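*Asks:* Note that the protein sequences, when read in sequence, are chains A and B.
With UniProt numbering as the guide, the letters of the first sequence map in order to residues 1 to 331.
With UniProt numbering as the guide, the letters of the second sequence map in order to residues 1 to 331.
Ideal Cβ placement from N, Cα and C applies to all residues, glycine included.
On a predicted model such as this, the values are computed, not experimentally measured, just so you know.
I'd like to ask some things about the structure below.
Number of protein chains: 2
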Amino acid sequence: MNSNEIYMQQALKKAWEYQLRTYPNPAVGALVLYRNEIIALEAHQKAGTSHAEVLALLEAYKFLSKKELDFDRFDSKKAHEFLYTLPSNYFKECTIFVTLEPCSHVGRTPSCASLLAQLKPKKVVIATLDPIVGHDGGIKRLEEVGIEVEVGICEKEALELLEPFLIWQERAFVLFKIAQTSNGKIGGGYLSSKESLTHVHQLRAVCSEMLIGGNTVREDRPTLDCRFTGEPAPDITIYAKEDNFDRDIPLFSVSERYVSITNCLDFSQPSFILVEGGGGMFNALKENIDWLLQYQTPKLTSHPLGYEVEVTLQYLFQDKKGVDLMLWSKI
Amino acid sequence: MNSNEIYMQQALKKAWEYQLRTYPNPAVGALVLYRNEIIALEAHQKAGTSHAEVLALLEAYKFLSKKELDFDRFDSKKAHEFLYTLPSNYFKECTIFVTLEPCSHVGRTPSCASLLAQLKPKKVVIATLDPIVGHDGGIKRLEEVGIEVEVGICEKEALELLEPFLIWQERAFVLFKIAQTSNGKIGGGYLSSKESLTHVHQLRAVCSEMLIGGNTVREDRPTLDCRFTGEPAPDITIYAKEDNFDRDIPLFSVSERYVSITNCLDFSQPSFILVEGGGGMFNALKENIDWLLQYQTPKLTSHPLGYEVEVTLQYLFQDKKGVDLMLWSKI
């Protein structure tokens, strides 16, 4: 029994809500405990916006001060500036849980480690150190000013959360997404909850490109945009031997989208590639798929269409998405 | 954000580990918070043994006293006697979370509400009141002695946890269990992790009877015992039009087991019926199945055997079971 593990699991769960959506940043979650009360639970949501610790500190401030913020909390510069105006020791009765070592470098956002060193919470609990060379040193800065630091709580889970981030430092991270019933059927029209569909569109909005099979294009005649979120649609690569596609298929008419058609795929460039398809596409790309994301809808059906693939998975994380189950696996 | 919900969710999750295994008792979980530390997380495990609150208080005692117990903690009489010897206010800095109102009546075990009234923890947080007429009154006893009581935290989830218990007060609760791959295939031999198989045997050991289809008996020639747990095997009802079964099929030779063969099923008697089978059996019993338990193994396969059923589910709870996913649904 370890209370810190339970708090860290909440932070990890929160981070998984934004898994891949922070591309090219890592998914990170943070929780603030004040005495025995959880007063903030936040995650980094989008690259270029406030980090998880910063959002959590702002929520903690709101709880402790009973005041609202008069600026956009996702604006990291304003958030840091505001937090620096608080009296040192403002968070002296708070413990901060964060799934990744607070950043020590200044990138698109200021350094979180410097901010925490200034704010001096009672304790900072960290699941895992920053694995990127040159990005470490966050805990050193905290320890220098006498903040108690504990590292390694739920480290295995934190490293699983970070895996896409580590992969796309080197090459393409490839996610295969599939929507199915609880007995593995993929036919019969829209299967997923509105929450799952929205989530797919959120992933489409941040991916480097979408990759789909020629048969899916011909048979489903899809649009593959982000209409559930209103964001620009991703570029698309159609994996096909020849270009014999009817240009009336909606995906070709989405504005500001580049569509390429090729039978030669290259996964060597750092990127996030989202693949949507069925069993044929899965089998064609099996060696290149890193993770599988299944949206499992709460139904059993007798539809004939399933998918036949031979592969061993490792379940990483599961959570509800509306009424659906969202199941992340490593191939 | 509510810390109490997170603590109660831990207690609920613990209770789900023993869901149905407490038959004919309800599944109940309990957690003890001491200052901001979770010092005990327990569940009722088996009818006739110590209740969740009692096990949690014993673990809390061990934590606070740094002493071990010199008796069997599952022996509820000894557990109550021991806890009554502790000074009143021993748990005065503790908050107890329990998924069901502590019992006020004396059954096979003494009353937990009376025990808590004597021990006077700082606060008792309860997910839902005892729904059985005559079993309520637990909180009244706590409030009479000045213990702060909060009711209704995660009540919806607590009522889902209790549903089998409420059903088997009136009639048979029918659970359909199926083991499948992550793409819904059920063929290809043992699919499940050792932890899932053990769990199946734990359910077999407590059910009133197992119900299986004639085709499963003929084709799989199963044993259907509890060899993973060493407990006595359940009685079996084979659902079949005629008795033309080879008596060399292992299930007929399990000692102290009664096997009946019938095509007329009766679900009117309070009981817990465990059904194992495939799509045919599911379809035959569809109107009578209350819950579905899927053990989903982390594999995609191309085995031809799936199951075809048309039914809408409501996902209730999911957790890992070894490497498998254990998914509980309501039909």
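#1: Hey, does residue 337/A have any beta-carbon neighbour from chain B nearer than 8 angstroms?
#2: Give me the Cβ distance between Ser3/A and Glu37/B, rounded to the nearest whole Å; I'm assuming they're in contact under 8 angstroms.
#3: In chain B, what lies closer than 8 angstroms to Leu55/A by C-beta?
#4: For the stretch 307-318 of chain A, which residues have a CB atom closer than 7 angstroms to at least one CB atom of chain B, in sequence order?
#5: Cutting at 7 angstroms between CB atoms, please list the residues of its own chain near Leu325/A, excluding the five before and the five after it.
#6: For a cutoff of 8 angstroms on Cβ pairs, would you count residue 337/B as touching chain A?
#7: Tell me the rounded alpha-carbon separation between Gly137/A and Ile153/A.
#8: Who are the Cβ neighbours of Glu148/B in its own chain at under 6 angstroms, not counting the five residues just before and after it?
#9: Counting contacts by CB-CB distance shorter than 8 angstroms, is Ser268/B in contact with chain A?
#10: Return the chain-ordered ranges of every beta strand (DSSP E) run that is complete within the stretch 185-261 of chain B and spans a minimum of 3 residues.
#11: Determine the chain B residues that contact Gly184/A at a beta-carbon separation under 8 angstroms, and present them in chain order.
#12: Ignoring anything shorter than 3 residues or poking outside the stretch 73-126 of chain A, list the beta strand (DSSP E) runs there in chain order.
#13: Report the rounded CA-to-CA distance for Asn89/A versus Ser271/A, giving the unit in angstroms.
#14: In terms of DSSP beta bridges, what is Ala40/B paired with?
#15: Measuring straight from C-alpha to C-alpha, what distance separates Lys66/B and Leu86/B?
#16: Roughly how many whole angstroms lie between the Cα atoms of Ala30/A and Pro121/A?
#17: So Thr301/B contacts chain A; which residues on that side make the cut at Cβ distance below 7 angstroms?
#18: Compute the beta-carbon to beta-carbon distance between Arg204/B and Cys226/B, rounded to the nearest angstrom, for a pair I have assumed lies under 8 angstroms.
#19: Any beta carbon from chain A within less than 8 angstroms of Ser50/B's own beta carbon?
#20: Looking only at C-alpha atoms, which of Leu33/B, Ser208/B, Glu160/B and Asp75/B sits nearest to Ala15/B?
#21: If you compare alpha carbons, which of Lys321/B, Leu316/B and Val323/B is closest to Lys320/A?
#22: Name, please, each residue of chain B whose Cβ falls closer than 8 angstroms to the Cβ of Ser329/A.
#23: Between the Cα of Val98/A and the Cα atoms of Ala240/A, Glu53/A and Glu209/A, which residue gives the shortest distance?
#24: Using the three-state DSSP reduction, which class does Trp16/B fall into: helix, strand or coil?
#25: Given that a residue counts as buried once 16 or more other Cβ atoms are within 10 Å of its Cβ, and exposed if not, what is Pro304/B?
#26: Using a C-beta cutoff of 8 angstroms, does Lys13/B count as contacting chain A?
#27: Return yes when the Cβ of Gly48/A is within less than 8 angstroms of the Cβ of Gly306/B, no when it is not.
#28: Between which residues of its own chain and Leu191/B is the CB-CB distance below 7 angstroms, once the five residues before and five after are set aside?
#29: Please return the same chain residues whose Cβ sits closer than 8 angstroms to the Cβ of Ser260/B, not counting the five positions on each side in sequence.
#30: Candidates Lys46/A, Leu100/A and Ala79/A: which alpha carbon is nearest Pro110/A's?
#31: Does the separation of the CB atoms of Ile289/B and Phe173/B fall below 8 angstroms?
#32: On the criterion of 16 or more Cβ atoms from any shown chain inside 10 Å, does Tyr258/B qualify as buried, or is it exposed?
*Replies:* This is what the structure holds:
#1: No statement about residue 337/A is possible, as the shown extent of chain A runs from 1 to 331 and does not include it.
#2: 5 angstroms
#3: Result: empty, since nearest Cβ-Cβ is about 13 angstroms, beyond 8 angstroms.
#4: Tyr307, Glu308, Val309, Glu310, Val311, Thr312, Leu313, Gln314, Tyr315 and Gln318
#5: Gln296 and Gln318
#6: Residue numbering for chain B in the displayed model covers 1 to 331; residue 337/B lies beyond these limits and cannot be assessed.
#7: 18 angstroms
#8: Lys123
#9: no
#10: 209-213 and 236-239
#11: Gln180, Thr181, Ser182, Asn183, Gly184, Lys185 and Gly306
#12: 94-98 and 123-126
#13: 41 angstroms
#14: Val32/B
#15: 14 angstroms
#16: 14 angstroms
#17: Glu310
#18: 5 angstroms
#19: no
#20: Glu160/B
#21: Leu316/B
#22: Ser182 and Pro298
#23: Glu53/A
#24: helix
#25: exposed
#26: no
#27: no
#28: Ala179, Gln180, Thr181 and Thr297
#29: Asp235, Ile236, Thr237 and Ile238
#30: Ala79/A
#31: no
#32: exposed
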